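Top to bottom, those sequences are chains A and B. Take the first sequence: its letter number 83 is residue 83 in the working numbering, and every next letter is one higher. Take the second sequence: its letter number 178 is residue 354 in the working numbering, and every next letter is one higher. We put the beta carbon where it would ideally sit given N, CA and C, even for glycine. Bear in mind the structure is a predicted one, so any value in this text is a computation, not a measurement.
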Amino acid sequence: MNANAAMTAADSGEVPALLEAGGLSWTQPAADGGPVDPTGLSKYSALSDPDGAERLGLAVAERVRGRGANVVVIWEEPEDAVLAHIVARELGVRTVRTWNEEGLVGHAGTLPDTPRALLLADAFRDVEPLLAMKAFVEQQGGSVVAAGVLVTTGAEDEAGLELVGLQALPRESRSD
Amino acid sequence: MFEPELTGLERSRADRLAELARDVVGAAFLRGDFVLSSGARSSYYFDKYLFETKPAILRRLGAFLAELIPPQTDRIAGPELGAVALASAVSLETGLPFVIVKKEAKGYGTSKLVEGELYPGEKVVVVEDVVSTAAQAIRAAQQLTRAGAQVLTILAVIDREQGGAENISAAGYQFRPLFGKADMDL
């Protein structure tokens, strides 16, 4: 699909509905009016809504296009691999999967020479995976061009990374 | 500073502990350029499997960790995967049953985060292998707490002293490592 010519999900305002269709929802454990706890975010599953995943992936790809990423890096979650596949395909780059291997960062796939990485997830629920992926890319002589997400949580700021997101985590619950 | 004279028995214990520390370092201490899952870079790494899979070391670790188990403890807990062998060793030493705390519940099968028997109100001690930021140990303790257990303390073989003790305290748990960096003579 040529995303350049298409109106993306972000442009059309359909992101919240697509997130919900993919099962990404958030709950507020306490009715204290505070920010939603990002660790309470359920995982977005592209398997639940393939068409929606395609649209969201295209929207992220459009947002990061032009930043010079030559690899998409994800952390552990198989659900993110589907999203990464769509984004990487649109950018014409490869995907590398990383994980916590007993305290060390393990990886599958090969980073390009001088990697310029887009760190991708549906959302980063805590800062540690971002820091781990960033350190991994830097150890390999590369750099991180941005963190790309469907929902921003603030973890990206903690990691000191430039952020590309489709929607911010709201301050109010959307629990059922 | 005044240092009380050790009795023969105490000296023997201290000697045995120091000897164990040397054996752990000899078995599992690696030098290199490592990226830790916390995002930190490190010039060294403890490959826990290299000390946990040696019965002569594991048996002694089980005995020394058992000494740190509070008497009111009902159950031991070992976060998967590495600490399961340690939890087993402590369980055999103390006779206390143990549970395995999984990293994450799978979306299929039983979807259980805690494997084995665990009953609400039980007093549990978490046994961890190597602590850096203690993220996994804290996660395990929180899972046990959510399951209704009371986590008495988190024990570890090695504290790399990279904020783990502070993070555990901030999370509201107690922490007792068997060895700190100074004990390992790194």
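- The residues Leu328, Thr329, Ile330 and Ile344, in chain order, have a CB closer than 8 Å to that of glutamine 350 of chain B in the same chain once the five nearest residues on each side in sequence are set aside.
- Interface flag for phenylalanine 124 of chain A against chain B is unset, since no Cβ pair is found closer than 9 Å.
- For glutamate 54 of chain A, the number of other beta carbons within 10 angstroms of its own is at least 16, and it is reported as buried.
- Taken through DSSP and simplified to helix, strand or coil, isoleucine 86 of chain A comes out as helix.
- According to DSSP, aspartate 335 of chain B shares a beta bridge with B:Val307.
- Under the three-state reduction of DSSP, glutamine 312 of chain B is assigned to helix.
- The stretch 242-251 of chain B makes no contact with the stretch 148-163 of chain A: fewer than 3 CB pairs, one atom from each, lie closer than 8 Å.
- Restricting attention to alpha helix (DSSP H) runs no shorter than 4 residues, the stretch 183-218 of chain B encloses them at 184-204, ordered along the chain.
- At a beta-carbon threshold of 7 Å, the residues of chain A lying near glycine 258 of chain B are Glu102, ordered along the chain.
- DSSP, read as helix, strand or coil, puts alanine 135 of chain A in helix.
- Bounds of the alpha helix (DSSP H) holding arginine 63 of chain A are 50-64.
- For asparagine 100 of chain A, the enclosing beta strand (DSSP E) covers residues 94-101.
- Under the three-state reduction of DSSP output, leucine 41 of chain A falls in the coil class, being neither helix nor strand.
- Assignment of serine 143 of chain A by DSSP, reduced to helix, strand and coil, places it in the strand class.
- If you draw a straight line from the Cα of arginine 97 of chain A to the Cα of leucine 289 of chain B, it comes to about 24 Å.
- Nearest to valine 149 of chain A by C-alpha distance, out of A:Gly165, A:Ala88, A:Gly52 and A:Glu102, is A:Gly165.
- Within the stretch 122-152 of chain A, contact with chain B at the beta-carbon level (separation under 7 Å) is assigned to Glu128, Leu131, Ala132, Lys134, Ala135, Phe136 and Gln139.
- In the DSSP secondary-structure assignment, glutamine 167 of chain A is bridged to A:Val151.
- Judged by DSSP in its simplified three-state form, arginine 125 of chain A adopts coil rather than helix or strand.
- Along the stretch 300-331 of chain B, going in chain order, the ones with a CB nearer than 7 Å to a CB of chain A are Val306, Ser308 and Ala311.
- The DSSP-derived three-state label of proline 112 of chain A is coil.
- Nearest C-alpha to alanine 9 of chain A among A:Lys43, A:Tyr44, A:Leu41 and A:Arg63: A:Arg63.
- Straight through space, the alpha carbons of arginine 207 of chain B and phenylalanine 274 of chain B are spaced by roughly 33 Å.
- Put simply, of B:Leu212, B:Val300, B:Val277 and B:Tyr220 the residue whose alpha carbon is nearest the alpha carbon of histidine 107 of chain A is B:Leu212.
- According to DSSP, residue pairing for tyrosine 220 of chain B in a beta bridge involves B:Arg207.
- DSSP, read as helix, strand or coil, puts threonine 229 of chain B in coil.
- In the structure shown, isoleucine 276 of chain B adopts extended strand secondary structure according to DSSP, grouped into three states.
- Neighbours of valine 105 of chain A across chain B, judged by C-beta separation under 9 Å: Phe210, Val211, Leu212, Ser213 and Gly215.
- For alanine 341 of chain B, DSSP records no beta bridge to any residue.
- Counting every other CB atom within 10 Å of its CB across the protein chains shown gives proline 247 of chain B a total below 16, marking it as exposed.
- The contact set of tyrosine 221 of chain B on chain A, defined by CB atoms closer than 9 Å, consists of Gly103 and Leu104 in chain order.
- The criterion of a C-beta distance shorter than 9 Å is not satisfied by alanine 147 of chain A and leucine 111 of chain A.
- Scanning chain A for C-beta atoms nearer than 9 Å to the C-beta of lysine 224 of chain B yields Glu102 and Gly103, reported in chain order.
- For alanine 155 of chain A, no CB of chain B lies under 9 Å from its own CB, so it is not counted at the interface with that chain.
- Its chain contains Arg217, Ser218, Ser219, Tyr220 and Tyr221 as the residues whose beta carbon lies nearer than 8 Å to that of phenylalanine 210 of chain B, once the 5 sequence neighbours on both sides are disregarded; these appear in chain order.
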